[in-house]
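**Student:**
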Amino acid sequence: MNGGYSYMFFKRLSLAVFLLLPLFVFPLTAGAHSHFQSSTPGENEEVNEPVTEVQVSFDGGIGTADMTITNTDTDEEAAIESIDVDNTSMIAILQEPLSNGAYTVEWQNIGDDGHSLDGSFSFQVNAEEETTPEDESIAEENAANENEVKQDRDHEASGPGEDETNTAGTSVLWLSIIIAGLFIVALVIFTVLRKRKS
Numbered sequence: 028m029n030g031g032y033s034y035m036f037f038k039r040l041s042l043a044v045f046l047l048l049p050l051f052v053f054p055l056t057a058g059a060h061s062h063f064q065s066s067t068p069g070e071n072e073e074v075n076e077p078v079t080e081v082q083v084s085f086d087g088g089i090g091t092a093d094m095t096i097t098n099t100d101t102d103e104e105a106a107i108e109s110i111d112v113d114n115t116s117m118i119a120i121l122q123e124p125l126s127n128g129a130y131t132v133e134w135q136n137i138g139d140d141g142h143s144l145d146g147s148f149s150f151q152v153n154a155e156e157e158t159t160p161e162d163e164s165i166a167e168e169n170a171a172n173e174n175e176v177k178q179d180r181d182h183e184a185s186g187p188g189e190d191e192t193n194t195a196g197t198s199v200l201w202l203s204i205i206i207a208g209l210f211i212v213a214l215v216i217f218t219v220l221r222k223r224k225s
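Start counting the sequence shown at 28; every next residue gets the next number (our numbering).
(1) Name the residue from Val-78, Ile-206, Glu-80, Ser-109 whose alpha carbon lies nearest to the alpha carbon of Thr-91.
(2) Are Ala-129 and Gln-151 closer than 8 Å when you measure CB to CB?
(3) Where Met-94 and Glu-167 are concerned, what is the direct C-alpha to C-alpha distance, given to the nearest angstrom?
(4) Out of curiosity, what's the CA-to-CA distance linking Asp-100 and Gln-135?
(5) Going straight from the alpha carbon of Pro-124 to that of Ile-107, what length do you get?
(6) Could you tell me how far apart the beta carbons of Leu-121 and Glu-80 are, in whole angstroms, since I believe they sit closer than 8 Å?
(7) On the premise that Phe-85 lies in contact with Gly-146, defined as a C-beta separation below 8 Å, what is that separation, rounded to the nearest angstrom?
(8) Within its chain, find whatever has a CB closer than 7 Å to the CB of Gly-138; leave out the 5 residues flanking it on each side and keep chain order.
(9) Taking the straight line between their C-alpha atoms, what separation do you get for Asn-174 and Thr-194?
(10) Which residues bound the beta strand (DSSP E) around Gly-87?
(11) Would you report the Cα separation of Ala-170 and Ser-164, rounded to the nearest angstrom?
(12) Give the secondary structure of Gly-208 by DSSP, where H, G and I count as helix, E and B as strand, and everything else as coil.
(13) Find the nearest neighbour of Ala-154 within the set Ile-96, Leu-214, Met-117, Val-74, judged by alpha-carbon distance.
(14) Note down the Cα distance separating Arg-221 from Ile-204, rounded to an integer number of angstroms.
(15) Going by other Cβ atoms of all chains shown within 10 Å of its Cβ, with 16 needed for buried, is Ala-207 buried or exposed?
(16) With distance defined between alpha-carbon atoms, name the residue in Glu-103, Glu-133, Val-132, Gln-82 nearest to Asp-113.
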């Protein structure tokens, strides 16, 4: 009788433990998942300096990571050179700084526990664009061309210059010499013809 009672008690105890075990195991398993913690740039942040990388951090370790960064103004994806995983963070290294505009980041990761997690956030880039040496060279060339055009206009507005005055004076002198020479030749011919007639 006691043996049967002990068996029934053990059976009921085992059933109770089996039924109650998930109540303790599932919270522990759920608590082990990695959760989104923060990002750089932050959600809806306006960044006033060049953005060369985007970082997403979690409260637990992550194994693999993926990320896309899309300019919502042009619907173009930013070129990502690499995505590095540093324990609890994923860092997307960009090939070149993001141009000004609105961006949406979509990320995915698989935690150390094998749990998959994904999410997204947005931010705005409004950085002062850097001037490249090529841009500076073009600006200097344009300034030089404008200065040359201005000098030409000033020269035209000031009337004939010294060179033009000298040229005009030389032309008048030569014209006077030619006329005088023709006059002398005509006078000589007239004198000779007159002597022959007499």
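Note that CB positions come from ideal geometry on N, CA and C, so glycine has one too.
For clarity, every value in this text was computed on a predicted model and none was experimentally measured.
**Tutor:** Checking against the coordinates, here is how it stands:
(1) Ser-109
(2) yes
(3) 41 Å
(4) 23 Å
(5) 10 Å
(6) 6 Å
(7) No, Gly-146 and Phe-85 are not in contact; Cβ-Cβ is about 10 Å, not under 8 Å.
(8) His-60, Ser-61, Gly-87, Gly-88, Ile-89, Gly-90, Leu-144
(9) 28 Å
(10) From DSSP, Gly-87 is part of no beta strand (DSSP E); its letter is neither H nor E.
(11) 10 Å
(12) helix
(13) Val-74
(14) 26 Å
(15) exposed
(16) Gln-82
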